[in-house]
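Undergrad: With full-length UniProt numbering, you'll find the sequence shown wraps up at 607, consecutive numbering, no jumps.
Before anything else, here's the structure in question.
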Amino acid sequence: MTAELRGREFSPLRETTNDIKPYIYEPLETLTTIRILFLEPGIGNEPLRGEVCYLDIGENYHGPPSNTEGRRVLGPAPLSPPGTQYYEALSYVWGTPARCQTMKSSQGTIPLTRNLEEALKHIRLPDRPRNVWADAVCINQDDMKERGQQVKLMGQVYSKAFQVLVWLGSDPTSSAPSLFRNASQFLGKSSEDNLGSIGKIEWFERLWVIQEVMLARRRAVALWGSEHVDFCHLINFEDSITRRKGRKSVLPKWTELLLYPPSMVEFLDFLDRTRGSRCTDERDRIYAILGLHFNESDLLSQRIKNLQPDYTKEAVDLFLEVACLCIECGKLLELLKRVCHRPDEDLLALRRPSWIPDWTRASASKPLFDTRTSYNLPGSLKVKQHTHSLTLRGVQLSTILSGSHRVLFTDNMEECMHTIATFWEQYVRSAGSETECNGVNFQFLEAVSLGTLNYRWCSSDLELSRCLCNAIRWHDRAVDYIDRSSGTKEMIYAFWISAQEEIKAIANGAGRRSHAAGASDSAIFYWEGRKLFATVDGNYGLGPRALQEGDVLVAVSQVGLPIVIRRKGDGNGYHFVGTACIPEFDQVRVTQELERAGGELEDFELF
């Protein structure tokens, strides 16, 4: 038995008394039934006409044949095999939520948003009907229960569509023709202005569209004005231009995921990349991606799959539920690495626990890599449901003496270098005796480069300067700034002397070696949105931008990075500030601290 499209009227629509009454949504028969819009042909600004039909996309519906993968057709989806109706899913931006436009049908007038009206007028065909799935028409937006059920079906709706039409909007500046032509042929000749224009399109800012194209992948077509192009070709083209010119992408972080196989995408990484995307309902930060498949353990994958969209649940409770299931599935470190409080944020006033990432706001920092295996300390962790507190067991490593006066932002490399040099002058150059200064400088050099610097082949301070710039992928003007800034040149020279001492120590079997040599990215990516800091016992590291003097550094079980916590004002428990990288705190150092404590661990309750 095949799935059939039901309720469609094949004869052209004629004026009826129903044209003036509102369309009434009938209940859906099954949990896998969806509505499909049978869009009548038309041109220009002619009024929209269509019929709402029903289609069961359950197990009897098999979607488009596999041989259509990678093939783009801008005509309507075909009727093959007989009796089975394919459809195209529309991905667009709602815009103003008011449904002030209308479309006529034989069963009543269907309200539309202005953006949807524009999209439908552009995609309808002049001589043939088109079967389209569009959420504002095909889901009863006033029925919260149906909304929740249909949200759960989004994965099937987009993955089983014949193709996904990505409506980017009109093209008032006529940027699309040359950009799409170059993207389709991969010529790499598009101007900066054209790429900048596509980066400003509202579609890329919205949350719901992400799942739609992730599911479609090779069956997504980008429509911008009257032009069209393979959506993945467009993303690949922008990525190649960005890499070749060594600049930041004009597109959001999540588009990078389209360049990799779906099996490489992890759940928390996906949440992190979509944090800056806009949505009307914050609960959709979770619900809008439930249809995707992630590279996770069977346990976590099943727990994610079991989440049911429930719009009666508060967003903060949903985020807590997601955080807890991640912890229960062994993702504690991955969760904590993604917490990024603002420097001026009052942790006491947070509506969520301080140890849960704020998935409603874009992160200023890339999650730190794990520089070693987990500490493997004995102990356990638990979340108290009535207080939403997380209790970790561990050992206190040190206390923060001070942080850099500014957060490191690499958009302004001169200011970034000045911040580092000022910190070096204040907390490193003056630290210790003359005989100790080389060791102190080397510790700071390791902290700045996160242990990734290949300093062993440098024969002069100039070579080290260039090596440092290459290691963190600075552009040429960073080297120029080093040359003209006496304070920075002194710092680099001190680094070189300390590096030579370390090279000699390694030759004698006494060197410390880099702890983070396996890092996959350059250090500069981890500077962004963080602060350098010094501890009271003379160590240096890179930590969260919200760190303050007096914050505590702790090693806890099941976490391979030191964490920064702050005691609450009432003295009962702590707030979580973020994770830190301190090359000096390796596994050996932590073991020594444990032995010194007699093996007794402290409970740290995080609120």
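Glycine included, each C-beta is placed from N, C-alpha and C at the ideal position.
Keep in mind that this is a model prediction, so the values were computed, not measured.
Would you kindly work out how many angstroms separate the C-alpha atoms of Phe-162 and Ala-89, rounded to a whole number?
TA: 8 Å
Undergrad: Do you know how far the Cα of Leu-223 is from the Cα of Val-559?
TA: Put simply, the backbone Cα of Val-559 is about 46 Å away from that of Leu-223.
Undergrad: Have a look at Ser-184 and Leu-234 and give me their C-alpha separation to the nearest angstrom.
TA: 7 Å
Undergrad: Could you compute how far the alpha carbon of Asn-376 sits from the alpha carbon of Gly-394?
TA: At Asn-376 the pLDDT is 40, less than 50, meaning the model places this residue with poor confidence; the figure from the coordinates comes in the next sentence. Between Asn-376 and Gly-394, the C-alpha separation is close to 10 Å.
Undergrad: Given a cut-off of 7 Å, decide if Trp-254 and Phe-576 are closer than it, judged by their beta-carbon atoms.
TA: no
Undergrad: Near Glu-146, what residues of its chain come up, given a Cβ to Cβ distance below 6 Å and the 5 sequence neighbours on each side ignored?
TA: Asn-140
Undergrad: Give the range of the alpha helix (DSSP H) segment to which Met-417 is assigned.
TA: 413 to 423
Undergrad: Who are the near neighbours of Arg-303 in its chain, counting only those whose CB is closer than 6 Å to its CB and skipping five residues on each side?
TA: Hits under 6 Å: Leu-325.
Undergrad: May I ask you to list the residues that DSSP assigns as paired with Arg-147?
TA: None; Arg-147 has no bridge partner.
Undergrad: Tell me where the alpha helix (DSSP H) around Ser-240 begins and ends.
TA: 231 to 245
Undergrad: Between the Cα of Thr-32 and the Cα atoms of Val-151, Asn-45, Ala-134 and Tyr-87, which residue gives the shortest distance?
TA: Val-151
Undergrad: Is Pro-544 buried or exposed, if buried means 16 or more other CB atoms sit within 10 Å of its CB?
TA: buried
Undergrad: Around the C-beta of Cys-100, are 16 or more other C-beta atoms found within 10 angstroms, so that it is buried, or is it exposed?
TA: exposed
Undergrad: Using alpha carbons as the reference points, say which of Arg-278, Leu-165, Phe-533 and Trp-94 lies closest to Leu-450.
TA: Nearest to Leu-450 by C-alpha distance, out of Arg-278, Leu-165, Phe-533 and Trp-94, is Phe-533.
Undergrad: Does DSSP put Arg-285 in a helix, a strand or coil?
TA: helix
Undergrad: Note down, in chain order, each residue of its chain lying with its Cβ closer than 6 Å to the Cβ of Arg-285, except the 5 sequence neighbours on either side.
TA: Trp-359
Undergrad: For the alpha helix (DSSP H) containing Met-214, list its first residue and its last residue.
TA: 208 to 216
Undergrad: Could you check what DSSP says for Thr-68 in three-state terms: helix, strand or coil?
TA: Here Thr-68 scores only 46 on pLDDT, less than 50, and its place in the model should not be relied on; the value that follows carries that caveat. DSSP places Thr-68 in helix when its eight states are reduced to three.
Undergrad: For Leu-55, does the three-state DSSP call read helix, strand or coil?
TA: strand
Undergrad: Given a cut-off of 7 Å on the beta-carbon distance, is the pair Pro-357 and Arg-342 in contact?
TA: no
Undergrad: Could you say which of Phe-319, Leu-408 and Leu-397 lies nearest to Ala-364 if we only look at CA atoms?
TA: Of the candidates Phe-319, Leu-408 and Leu-397, the one whose C-alpha sits nearest the C-alpha of Ala-364 is Leu-408.
Undergrad: Does DSSP classify Thr-255 as helix, strand or coil?
TA: helix
Undergrad: Would you identify the three-state DSSP class for Ile-198, choosing helix, strand or coil?
TA: helix
Undergrad: At which residues does the beta strand (DSSP E) containing Gln-396 begin and terminate?
TA: Looking at the DSSP string, the run of the beta strand (DSSP E) that includes Gln-396 is 389 to 403.
Undergrad: Looking at Leu-401 and Val-536, is the spacing between their C-beta atoms short of 7 Å?
TA: yes
Undergrad: Taking the beta strand (DSSP E) that Asp-603 belongs to, which residues open and close that run?
TA: 602 to 606
Undergrad: When you compare each of Lys-245, Arg-114, Ile-110 and Gln-443 to Thr-96 by their alpha carbons, which one comes out closest?
TA: Arg-114
Undergrad: So, at 7 Å on beta carbons, what are the nonlocal neighbours of Glu-266 in its own chain, with the 5 sequence-adjacent residues on each side left out?
TA: Phe-294, Asn-295 and Glu-296
Undergrad: Just tell me which of Glu-414, Leu-120 and Leu-350 has its CA closest to the CA of Ser-91.
TA: The closest CA to that of Ser-91, considering only Glu-414, Leu-120 and Leu-350, is found on Leu-120.
Undergrad: Apart from the five residues on each side of it in sequence, which residues of its chain come closer than 7 Å, Cβ to Cβ, to Ala-176?
TA: The answer, listed in chain order, is Trp-224, Gly-225 and Glu-227.
Undergrad: For the alpha helix (DSSP H) that Pro-544 lies in, which residues bound it at each end?
TA: No alpha helix (DSSP H) contains Pro-544, which is instead part of the beta strand (DSSP E) from 540 to 544.
Undergrad: Confirm, please, whether the CB-CB distance from Val-157 to Ala-220 is below 7 Å.
TA: no
Undergrad: Could you give the distance in angstroms between the alpha-carbon of Ser-277 and the alpha-carbon of Arg-429?
TA: 43 Å
Undergrad: Would you tell me roughly how many angstroms separate the C-alpha atoms of Ala-471 and Ala-523, rounded to the nearest one?
TA: Any reading at Ala-471 needs caution, since the residue's pLDDT is 47, under 50, leaving its predicted position unreliable; the model's value is listed next. One C-alpha to the other measures close to 7 Å.
Undergrad: Quick check on the DSSP output: the beta strand (DSSP E) that includes Phe-369 runs from which residue to which?
TA: Premise fails: Phe-369 is in no beta strand (DSSP E) and is neither H nor E.
Undergrad: Measuring CB to CB, does Leu-168 end up less than 7 Å from Trp-203?
TA: yes
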